[in-house]
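Visitor:
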Amino acid sequence: MSGRDWLEIGSARAPFDEAFGGLVGACVGAWLGAVPIPLDWDREWQKWPVTILCGIYAGYAVGKLIGGSLAFGKKFSDADASR
618 MSGRDWLEIG SARAPFDEAF GGLVGACVGA WLGAVPIPLD WDREWQKWPV TILCGIYAGY
678 AVGKLIGGSL AFGKKFSDAD ASR
């Protein structure tokens, strides 16, 4: 991968495909998986890092599915699509 490829991934200008969809889905899933942690630490399923790992797995699967089918080849912003 060249520096330009990494710049596109880091700035979210890369075309949406299975790999980029999995990356975005895993990041969003981890973020959403951290939400139930402060609610109640007494329950086994809310302990660190169980919810975050479950969020990563679920987000990756959903992101890969969406990136490989519904949003394949699209970009986040329409301004980049005109290039």
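Numbering (this note's numbering), first residue to last: 618 to 700. Every residue gets a Cβ at the ideal spot worked out from N, C-alpha and C, and that includes glycine. Keep in mind it's a predicted model, so treat the numbers as computed, not measured.
1. To the nearest angstrom, report how far apart Pro666 and Pro655 are at their CA atoms.
2. Would DSSP call Trp665 helix, strand or coil?
3. Does Ala696 come out as helix, strand or coil in the three-state DSSP assignment?
4. Near Val645, what residues of its chain come up, given a Cβ to Cβ distance below 7 Å and the 5 sequence neighbours on each side ignored?
5. Out of Leu670, Arg630, Leu624, Gly639, point me to the one whose CA is closest to Ala651's CA.
Guide: So, to answer that:
1. So the two alpha carbons sit approximately 12 Å from each other.
2. Coil.
3. With a pLDDT of only 46 at Ala696, under 50, the local geometry of the prediction cannot be trusted, and no value is derived from it.
4. Answer for Val645: Gly676, listed in chain order.
5. Considering only alpha carbons, the answer is Leu670.
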